[in-house]
Amino acid sequence: MNSSASFKLVHSCLQNTYYHAILILLCVIQAPKKVGEDIAKATADWKGLKITVLLTIQNRQAKVSVVPSAASLLIKALKEPARDRKKQKNIKHDGSISFEEIITISRTMRDRSMAKDLVGVAKEILGTAQSIGCRVDGKNPHDIIEKINNGELEVPAK
Numbered sequence: 168m169n170s171s172a173s174f175k176l177v178h179s180c181l182q183n184t185y186y187h188a189i190l191i192l193l194c195v196i197q198a199p200k201k202v203g204e205d206i207a208k209a210t211a212d213w214k215g216l217k218i219t220v221l222l223t224i225q226n227r228q229a230k231v232s233v234v235p236s237a238a239s240l241l242i243k244a245l246k247e248p249a250r251d252r253k254k255q256k257n258i259k260h261d262g263s264i265s266f267e268e269i270i271t272i273s274r275t276m277r278d279r280s281m282a283k284d285l286v287g288v289a290k291e292i293l294g295t296a297q298s299i300g301c302r303v304d305g306k307n308p309h310d311i312i313e314k315i316n317n318g319e320l321e322v323p324a325k
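Next comes the structure, spelled out in structure tokens:
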């Protein structure tokens with residue numbers, strides 16, 4: 168492999184956990200312990216949530232960045248306490264999020280969405296909110312989607 172070549176590795180993990188198979192693959196690039204510590208440091212804010220980590224490797228140096236999913240962003244916005252995924256299963260996320268937070272999450276997810284505009288991204292985020300079981304301003308997320316479709320609720324263009 169060319170030492171100046173750059174490649175990206177996407178890996179889904181839990182906070183403070185990293186899989187040895189990935190680190191063994193990275194052994195030729197950098198010390199696996201250092202990469203694992205970098206992953207743990209980058210995912211410290213996402214305790215108890217499953218997130219995606221992007222490793223960008225260039226010149227035998229690994230740069231770690233977190234790429235959260237829509238569900239992870241919504242659960243973090245609910246401000247739920249950290250949980251142990253091994254002990255607590257099938258958690259209901261029954262909190263309520265404001266519509267402004269939905270727009271903020273939509274702006275964050277805009278680059279990774281296939282929607283034409285922010286309205287489509289907001290609808291995707293509302294669908295994810297419905298699937299995890301939370302509410303938006305105390306209402307069912309599907310009702311908010313219908314209000315957007317009917318023109319009763321405005322979503323900013325940018």
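Add 167 to the 1-based position in the sequence shown for this note's numbering, that's all there is to it.
Built from N, CA and C at the ideal position, the CB exists for glycine as well.
Secondary structure note for Ser-298: its alpha helix (DSSP H) is the uninterrupted segment 285–299.
A direct Cα-to-Cα measurement between Lys-290 and Gln-297 gives close to 10 Å.
Linking Arg-277 to Pro-235 through their CA atoms gives a straight-line distance of about 12 Å.
Excluding sequence positions up to five before and after Gly-300, its CB lies within less than 7 Å of the CB of Lys-259, His-260 and Asp-261, all in the same chain and listed in chain order. A distance below 8 Å between beta-carbons, with the five flanking residues on each side excluded, links Ile-270 to the following residues of its chain, in chain order: Leu-285, Ala-289, Val-322 and Pro-323. Excluding the 5 residues flanking it on each side, Ser-273 has same chain C-beta neighbours closer than 7 Å at Leu-285, Val-288, Ala-289 and Ile-292, in chain order.
Cβ neighbours of Glu-268 within its own chain (closer than 8 Å, five residues either side excluded): Ala-244. For Gly-305, same chain residues with a beta-carbon under 8 Å away, outside a window of 5 residues either side, are Ser-263 in chain order. The beta carbon of Arg-302 lies closer than 6 Å to those of Ser-263 in the same chain, with the five residues before and after it left out.
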